[in-house]
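*Asks:*
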Amino acid sequence: MNKPLMYSAFLGFLVVLLVLIALGFRFNKTEEEKQVAFSATNLAEAFTVSENGTIAYLTHGGGKSTLHFYNPNSNLTDPKLTFSSEITDLTFSQDGSKLAYVSVEEMTNKKQRSIVRLYDLNSKKDTQLFSDPRIVREVAFSPDAHTLFFLGGSSFTHYSPITGDRPHDYDLYQYTIQTKKLRQVTHQKAYEMDSLVVSGDGKSVYVEMSEEANTPEEIFAAKQRIFRLPLDNPEQKEKIPVPSAQGDIYDFAIAPSEQTFIYQSTHGEKNGVYNYELFRFNKSTGMNEVLTHLYEYAEHPVISAGGKKIYFMVDKQFARKYREYHLYVMHSDGSKVREITLPAVTYK
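Just so you know, we're using the working numbering here: the sequence shown kicks off at 2 and counts up by one.
1. Using DSSP with H/G/I as helix, E/B as strand and the rest coil, what is P217?
2. Thinking just about the alpha-carbon of each residue, which of D90, L343, E290, D249 is nearest to the one in F221?
3. Pick from N123, V206, S124, E340: whose alpha carbon is nearest that of P231?
4. Please confirm if the stretch 168-187 is in contact with the stretch 257-267, defined as three or more CB-CB distances below 8 Å between the two stretches.
5. Would you tell me roughly how many angstroms separate the C-alpha atoms of E106 and E87, rounded to the nearest one?
6. Please state whether DSSP places A141 in a helix, a strand or coil.
7. First and last residue of the beta strand (DSSP E) that includes A231?
8. Who are the Cβ neighbours of Y296 in its own chain at under 7 Å, not counting the five residues just before and after it?
9. Run the CB neighbour count on Q265, radius 10 Å, all protein chains shown included, and call it buried at 16 or more, exposed below.
10. Roughly how many whole angstroms lie between the Cα atoms of V186 and Y348?
11. To the nearest angstrom, report how far apart S132 and F282 are at their CA atoms.
12. Sort out for me which residues DSSP pairs Q265 with in a bridge.
13. Looking at S94: is its Cβ nearer than 7 Å to the Cβ of F142?
14. Take A47 and list the residues in its own chain whose beta-carbon comes closer than 8 Å to its own, dropping the five residues that flank it on each side.
15. Please list the terminal residues of the continuous beta strand (DSSP E) segment that includes F70.
16. Would you mind reading off the limits of the beta strand (DSSP E) that contains A57?
17. Please confirm whether V330 and K310 have their CB atoms less than 7 Å apart.
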């Protein structure tokens, strides 16, 4: 083999190795880390907010997850549901009358299955919609609440010898509640899909996924970005042109106008650990700016129905052994940031 060819092969191997190492750091968890994945405050990461301001959130203790409802305007604190399995995601219907959520159960053969359930806040009835061998990461209602969309990973294996078992081969699926029919919408087998948002007209969805890459150089340079997938032609995805984003985009939310995107990305570092802040991008004007200046790990933005408030979670012990989640809210321009004190949460 000549020297230029050997050099190209070595460079390609090195780039792929670095990408796999990065994926390992982001996705790999030891069994011990899985046991302490919930917050030192006993507050879990997942939450959602209804159109009338009701907050659905999770606490963890004694090996159980408890789902709570709280509305600071009406002093609603009931009901609550307790589960022996981990709840990984939850979402309200547009009118706030229904809550869909995902639990993950460990099987006897060391595999997992996802169970998607529906809770009716009016009738207080909790029903199982379906179980699925895929790892369901995100769920979202259609505007009329007749359909649930979700992101499912069909494989649960090693990325490489240096990473642990992680779900991948993600695609978009939809479940029609009345007919109980499940349909696969995309066939991309993406290594990662996240932050599922359904458009206001129900004709498209937005997801976070990696840019397309074919060569080792492209793989190394590829970033996590926001894409719009039209449901009538989901393979014709459109990348949202966030111009100033230097790092990857992770969690995101979209304002009702679908012109403003609130997303999480890195912004500087403190004591050798990256800070993760929330940014705001306006698709119409192209303006991109930092919204939070907490110098911590701000994540999981949720925009209120009127678009005037942004709720988000902060992990005050990011990159340490124990998590410490706190729920915050701020105005849509990033002003008046404050923490929300939640019932049943143990603050230290």
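Here a beta-carbon is modelled for each residue, glycine too, at the ideal position from N, C-alpha and C.
Since the structure is predicted, the reported quantities are computational estimates derived from the model, not experimental observations.
*Replies:* This is what the structure gives:
1. helix
2. Out of D90, L343, E290, D249, D249 has the C-alpha closest to the C-alpha of F221.
3. V206
4. no
5. 7 Å
6. Residue state, collapsed to three classes: strand.
7. Here residue 231 turns out to be Pro, not Ala, going by the sequence shown. Element bounds for P231: 225-231.
8. K271, N276
9. Buried, by the Cβ-count rule.
10. 42 Å
11. 37 Å
12. L279
13. yes
14. Y58, L59, I88, T89, D90, L91, H301
15. 65-71
16. For A57, the enclosing beta strand (DSSP E) stretches over residues 56-62.
17. Yes; because the gap between Cβ atoms is below 7 Å, this pair is in contact.
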